[in-house]
Amino acid sequence: MSIENYQIPIGDDVKQTMAIAWLKLGVASLVFAGLFSILLVLSRTPAIQEMIPFTDFFHVALVVHVDLSVLIWFVSFAGVLWSLSSKGAANALDKTAIVLAVLGTVIITVAPFLGVGNPLMNNYIPILDHPLYIGGLMIFAAGMVVQIVRRILSGMPPFSKLLSSPSHANALDVGVYVSAWVALFSILALVASYVLIPASLEGTGFYEILFWGGGHILQFTHTVLLLVAWFWTASACGVDIKLSPKIAVWLFILVVAPVMISPWIYVQYDVLSGEHRLAYTDLMKYGGLASMPLGLAVVWGILTSSRCPEDKKPVKAALLSSIVLFAAGGIIGFMIEGVNVVIPAHYHGSIVGVTLAFMGLAYHLLPVFGFSKPTSKVAHWQPYVYGVGQLLHIIGLAWSGGYGVQRKTAGAAQGLENFPEIAGMALMGAGGAISIVGGILFVVVMIKAFMRPTQND
């Protein structure tokens, strides 16, 4: 079995240009998310939090940080993969998509500095309830939809070929293709929720219901693309994944199969009902287990493979860190009871697992796109610094959540009175600070690579 073939073939120069544009947008979103995250960590760290007078801005920063570091970054990297795997040369749809996405991101980023406030801390896509910010989100979403449609319309290998003798590249192509369909399902779920929500519902309650179904569905897009990144980066590191492409094709389809239940949820339960919310919670909680076979195949390949090539150590570091964080987030998800900081511990683990997978694939793609290889010691240790910091962060959150510390609070509102919860949140703060350093290092490595095209590499 040729292990190098678990990758998506890189197409023409114009298509690469589109993918590079999405990658640069994703990196830019992390730059600004990092700036907002500094305020977040400081505003929740014991002793330091009393020195920050603008707790109100904590919520504004939290909204923008989440939207930049999760929505914009994840969708931008999905744009990289959707662009690369689209059939045929890049066209007007590709260019329209990236222009809309960039414009939307700029509006989202600058809005707080133009006096836009009124943060609403609903799940999945928290917002600043202001026409400018909402407009920015809608423009970015339009770019996302255009890229999704472009990827879907370009098709995938004939089904007969997938049944008979798919290649390793076909398997990853199927993963990217079905991820686009799932992303489209998430948009349709959002539209369905909008239509079904009573006109009398406003504020946080409105947006909580609006994004609930689509937000849960979109997590399956992130998960399947994480698995694509794991397979691709593992193969690049010389890992022999002992899984036939034919089985891999069906397992990628299995990962997104639970999403097919979503129309039934809308038909069966009112969008305002607790049953609707619980159905989507269970869909993600138990449907997410469908990713385990592909994940275990990668882990087994890592355990049974030889040493990684020297120039791929940063890629391997990101892969290993991603697996640990994603697994930790999944395990913590089964520990959630009530509304406390165990919830952000769960999704921070899962989110950072996806982020690290994309970081590793970004490192691998840099020389493919004509930029210098990230072979420095900084690049090698960056995923470990970021990963360890985030692991401490979620352990601190999970520990404090066990003592009842509430989520989405800051300062005195956290109610930190006893040593256990203080220690847990202190660990959270320390881990957050370390992870910020790791995030900054990633941005530095990427920007340096962007500024140094490959010469004679």
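Under numbering that gives the first Met the number 0, the sequence shown has 310 at position 311, and the numbering climbs by one with no breaks. A virtual CB, placed ideally from N, CA and C, is assigned to each residue, including glycine.
- Residue pairing by DSSP places residue 370 opposite 452 in a beta bridge.
- By alpha-carbon distance to residue 238, the top candidate from 16, 436, 312 is 312.
- Take the alpha-carbon of residue 270 and the one of residue 434: they are about 37 Å apart.
- Residue pairing by DSSP places residue 119 opposite 126 in a beta bridge.
- In this structure the region 251-258 touches the region 284-299; the number of beta carbon pairs closer than 8 Å is three or more.
- Going by beta carbons, residue 345 and residue 282 fall outside the 8 Å limit.
- Under the DSSP assignment, residue 67 falls outside any alpha helix (DSSP H); it carries neither an H nor an E label.
- Residue 181 and residue 221 have their alpha carbons spaced roughly 10 Å apart.
- At a Cβ-Cβ threshold of 8 Å, residue 29 and residue 81 do not count as neighbours.
- Taking the CA atoms as reference points, residue 15 sits about 26 Å from residue 351.
- Boundaries of the alpha helix (DSSP H) harbouring residue 325: 312-332, taken from the DSSP string.
- Here residue 259 is exposed: its Cβ has fewer than 16 other Cβ atoms, across all protein chains shown, within 10 Å.
- Of the candidates 88, 235, 362, 332, the residue whose Cα lies closest to the Cα of residue 382 is 362.
- Excluding the 5 residues flanking it on each side, residue 188 has same chain C-beta neighbours closer than 7 Å at 212, 213, 216, 261, in chain order.
- For residue 8, the closest alpha carbon among the candidates 97, 83, 150 is that of 83.
- Residue 7 sits in coil when the DSSP states are folded into three classes, being neither helix nor strand.
- When the beta-carbon positions are compared, residue 321 and residue 359 come within less than 8 Å of each other.
- In the same chain as residue 207, and ignoring 5 residues on each side of it, the C-beta atoms closer than 8 Å to its own belong to 121, 122, in chain order.
- Exposure of residue 450 is indicated by the presence of fewer than 16 other C-beta atoms within 10 angstroms of its C-beta.
- At least 8 Å separates the beta-carbon of residue 431 from that of residue 33.
- In this structure, DSSP gives residue 244 a helical state, which the three-state scheme calls helix.
- A contact between stretches requires three or more CB pairs, one per stretch, nearer than 8 Å, and the region 93-107 meets this requirement with the region 134-145.
- Out of 26, 22, 231, 63, the CA that lies nearest to the CA of residue 129 is found in 63.
- In terms of Cβ geometry, residue 355 and residue 332 do not form a close pair [threshold 8 Å].
- Under the three-state reduction of DSSP output, residue 104 falls in the helix class.
- Cα atoms of residue 325 and residue 348: separation of roughly 6 Å, rounded to the nearest angstrom.
- The alpha carbon of residue 263 has as its nearest neighbour, out of 27, 427, 279, 248, the alpha carbon of 279.
- In chain order, 97 place their CB closer than 7 Å to the CB of residue 20, counting only its own chain and leaving out the 5 sequence neighbours on each side.
- Close CB contacts of residue 377 within its chain, under the 8 Å cut and outside five residues either way in sequence, are with 440, 443, 444 (chain order).
- Put simply, of 366, 379, 396, 373 the residue whose alpha carbon is nearest the alpha carbon of residue 453 is 366.
- Spatial neighbours of residue 209 in its own chain (CB-CB distance under 7 Å, excluding positions within 5 residues in sequence) are listed in chain order as 189, 192, 193, 196.
- A distance of 8 Å or more separates the beta carbons of residue 79 and residue 171.
- Across the structure, residue 164 and residue 343 are spaced so that their CA atoms are roughly 43 Å apart.
- The C-alpha of residue 74 is placed about 22 Å away from the C-alpha of residue 168.
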